[in-house]
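Heads up, the thing below is written out as structure tokens.
Protein chains: 2
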Amino acid sequence: MAEAEDNTRERLLDHGERLFAEKGFSAVSVREITAAANCNLAAINYHFGSKQSLYLAVFRERWAQRARRVRQHFSETLAGKPRRDLEDVIAAMASAFLEGPMSEAERRCHIQLMQREMSDPGDALSMVVEDVMRPYILEIADLIRPHLKGPVDERRLRLSVLSILGVILYFFLARPAVSRIVEQEYDSRFKPELVSHITAFSLHGIHSLNQE
Amino acid sequence: MAEAEDNTRERLLDHGERLFAEKGFSAVSVREITAAANCNLAAINYHFGSKQSLYLAVFRERWAQRARRVRQHFSETLAGKPRRDLEDVIAAMASAFLEGPMSEAERRCHIQLMQREMSDPGDALSMVVEDVMRPYILEIADLIRPHLKGPVDERRLRLSVLSILGVILYFFLARPAVSRIVEQEYDSRFKPELVSHITAFSLHGIHSLNQE
DNA sequence: GTCTATAGCAGGATAGAC
DNA sequence: GTCTATCCTGCTATAGAC
Numbered sequence: 038m039a040e041a042e043d044n045t046r047e048r049l050l051d052h053g054e055r056l057f058a059e060k061g062f063s064a065v066s067v068r069e070i071t072a073a074a075n076c077n078l079a080a081i082n083y084h085f086g087s088k089q090s091l092y093l094a095v096f097r098e099r100w101a102q103r104a105r106r107v108r109q110h111f112s113e114t115l116a117g118k119p120r121r122d123l124e125d126v127i128a129a130m131a132s133a134f135l136e137g138p139m140s141e142a143e144r145r146c147h148i149q150l151m152q153r154e155m156s157d158p159g160d161a162l163s164m165v166v167e168d169v170m171r172p173y174i175l176e177i178a179d180l181i182r183p184h185l186k187g188p189v190d191e192r193r194l195r196l197s198v199l200s201i202l203g204v205i206l207y208f209f210l211a212r213p214a215v216s217r218i219v220e221q222e223y224d225s226r227f228k229p230e231l232v233s234h235i236t237a238f239s240l241h242g243i244h245s246l247n248q249e
Numbered sequence: 038m039a040e041a042e043d044n045t046r047e048r049l050l051d052h053g054e055r056l057f058a059e060k061g062f063s064a065v066s067v068r069e070i071t072a073a074a075n076c077n078l079a080a081i082n083y084h085f086g087s088k089q090s091l092y093l094a095v096f097r098e099r100w101a102q103r104a105r106r107v108r109q110h111f112s113e114t115l116a117g118k119p120r121r122d123l124e125d126v127i128a129a130m131a132s133a134f135l136e137g138p139m140s141e142a143e144r145r146c147h148i149q150l151m152q153r154e155m156s157d158p159g160d161a162l163s164m165v166v167e168d169v170m171r172p173y174i175l176e177i178a179d180l181i182r183p184h185l186k187g188p189v190d191e192r193r194l195r196l197s198v199l200s201i202l203g204v205i206l207y208f209f210l211a212r213p214a215v216s217r218i219v220e221q222e223y224d225s226r227f228k229p230e231l232v233s234h235i236t237a238f239s240l241h242g243i244h245s246l247n248q249e
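Protein chains in written order, with the working numbering: chain Z, 38 to 249; chain P, 38 to 249.
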């Protein structure tokens, strides 16, 4: 039992995240989490103070960390493309989400937590928007800007970054719906095709900035 | 009191929808709904049989109906454009969501219900996907197909329709995040600009189907 | 740190009068 | 159809032994 040392806390974070994602904060009980984590009913209140504090800790110590891994996958993919042209940037964005470091279970967990938090925003959402989303969008805008011709309309640039992200996130979030519509599972053959499609679509899309 | 006739059921649907959207199914109590609807605690069980059945009725009699209004806005916009070229179709799609029949309160309610149901899919989601989403996607594909040159790859066409929808829905769903990033409220000046941006971006994007 | 036991409260559903 | 009163179940949080 080398694992039974001080990792009750970690197990609570793991199973808490999974259950919060699956059922939502209100629908999951402390009894359920502690039973899944194979520890005592009182452990949540001991380690975190309350059920609510465990929920916040899940976002700080699990969700945000996973987002960092996606961003790192993006950076590493791009590091392998020294030219960093538009196509490379967009493909790296799509790949980070669709072929990135998240397992299917993690993906579901990640987006379900986010969607639930978007539905009734709390402290967790504020942290996520400011620490994760905004810096990423601004970084992408900086990478795209040099490739545009003529003077850059900053607002339209940001709208275009958001549009690219919209396409990617839709295929990332709405996977079940997409699978039904195109009658295609997200397997290792389809995912590169999807990255390729998104890249082509968005690359053409962003060139609308150059034509006015 | 011309309204106090048999509309307890309607009031339950209205307040039930609002509260389910705001807080989620589990987090809202029968007591809370009946108090908001200004009726008796037992009314939900009398009119619907259970809290769960009220939830399903909300999707059937409120959510799906609102989706029908969006689609009708799309059809009417397009009816005013006899040529129905690609730009008209995409602009009508974007307009239906961004300038369509939903008030801000309805929009929040609508997407929150959907996001919650996407998080743990149940009977309500199945109904929505089959009765609302899939028919709409296929209709759009049919409208776009004639404008493409050469033989049409059906899968790539559907992926492109989904991409357009992804852009639109992202700006529809993530309104608070978008407002922060572009530092711009969704007012009557910004919304047409957004429709115009989405149309230009997606129009270029879909032309990637013609170049291979 | 972990456990058992329980206090204290809120939930959904129902029975039965009106 | 609507009401009140109530049953029973489940919850969070805590006290206190170990």
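Beta carbons are placed, not taken as given, at the ideal position from N, Cα and C, and that holds for glycine.
Contiguous alpha helix (DSSP H) assignments of at least 4 residues, all confined to the region 161–225 of chain Z:
Taking 4 residues as the minimum length, the alpha helix (DSSP H) runs contained wholly in the region 161–225 of chain Z are 171–181, 191–210 and 212–219, in order along the chain.
Thinking C-alpha only, which one of P/113, P/119, P/63 and P/57 is nearest residue 95 of chain P?
For residue 95 of chain P, the closest C-alpha among the options P/113, P/119, P/63 and P/57 is that of P/57.
Quick one: Cα of residue 124 of chain P to Cα of residue 97 of chain P, how far?
Each residue's alpha carbon lies about 33 Å from the other.
Please confirm if residue 56 of chain P has its CB atom under 7 Å from at least one CB of chain Z.
No, because no Cβ of chain Z sits closer than 7 Å to the Cβ of residue 56 of chain P.
Return no unless some Cβ of chain Z is closer than 7 Å to the Cβ of residue 237 of chain P.
With respect to chain Z, the C-beta atom of residue 237 of chain P has a partner C-beta closer than 7 Å.
Residue 87 of chain Z classed as buried or exposed, judged by whether at least 16 other C-beta atoms fall within 10 angstroms
When all chains shown are included, residue 87 of chain Z counts as exposed.
Quick one: any contact between the region 97–112 of chain Z and the region 160–178 of chain Z, if contact means 3 or more CB pairs under 8 Å?
Because the criterion of three Cβ pairs below 8 Å is met, the region 97–112 of chain Z and the region 160–178 of chain Z touch.
Are residue 195 of chain P and residue 246 of chain P closer than 7 Å when you measure CB to CB?
Cβ distance not < 7 Å, so residue 195 of chain P and residue 246 of chain P don't count as in contact.
Only counting the same chain, and skipping five residues up and downstream in sequence, which positions put a Cβ closer than 7 Å to that of residue 77 of chain Z?
Its chain contains 71 as the residues whose beta carbon lies nearer than 7 Å to that of residue 77 of chain Z, once the 5 sequence neighbours on both sides are disregarded; these appear in chain order.
Below 7 Å between beta carbons: does that hold for residue 152 of chain P and residue 156 of chain Z?
Contact check for residue 152 of chain P against residue 156 of chain Z passes: the beta carbons are separated by less than 7 Å.
For the region 49–65 of chain P and the region 219–234 of chain Z, state whether three or more C-beta atom pairs, one from each stretch, are separated by less than 8 Å.
Touching, no.
At the level of alpha carbons, what is the spacing between residue 119 of chain P and residue 216 of chain P?
Whole-angstrom Cα-Cα distance: 34 Å.
Please classify residue 109 of chain P as buried or exposed, where buried requires at least 16 other C-beta atoms within 10 Å of its C-beta.
Only exposed fits residue 109 of chain P, as fewer than 16 other CB atoms lie within 10 angstroms of its CB.
Excluding sequence positions up to five away, which residues of its chain have a Cβ less than 8 Å from the Cβ of residue 133 of chain P?
Excluding positions up to five away in sequence, the list reads 107, 108, 110, 111 and 114.
With a cut-off of 7 Å, does the C-beta of residue 64 of chain Z fall near any C-beta of chain P?
By this cut-off, residue 64 of chain Z is an interface position.
Rounded to a whole number of angstroms, what is the C-alpha to C-alpha distance between residue 79 of chain Z and residue 64 of chain Z?
In a straight line, the C-alpha of residue 79 of chain Z is about 19 Å away from that of residue 64 of chain Z.
Start-to-end residues for the alpha helix (DSSP H) that takes in residue 57 of chain Z
Per DSSP, residue 57 of chain Z is one residue of the alpha helix (DSSP H) stretching across 45–60.
Which residues mark the beginning and the end of the alpha helix (DSSP H) in which residue 82 of chain P is found?
Per DSSP, residue 82 of chain P belongs to the alpha helix (DSSP H) from 80–84.
Measuring CB to CB, does residue 204 of chain P end up less than 7 Å from residue 233 of chain Z?
Result no, Cβ atoms of residue 204 of chain P and residue 233 of chain Z do not sit closer than 7 Å.
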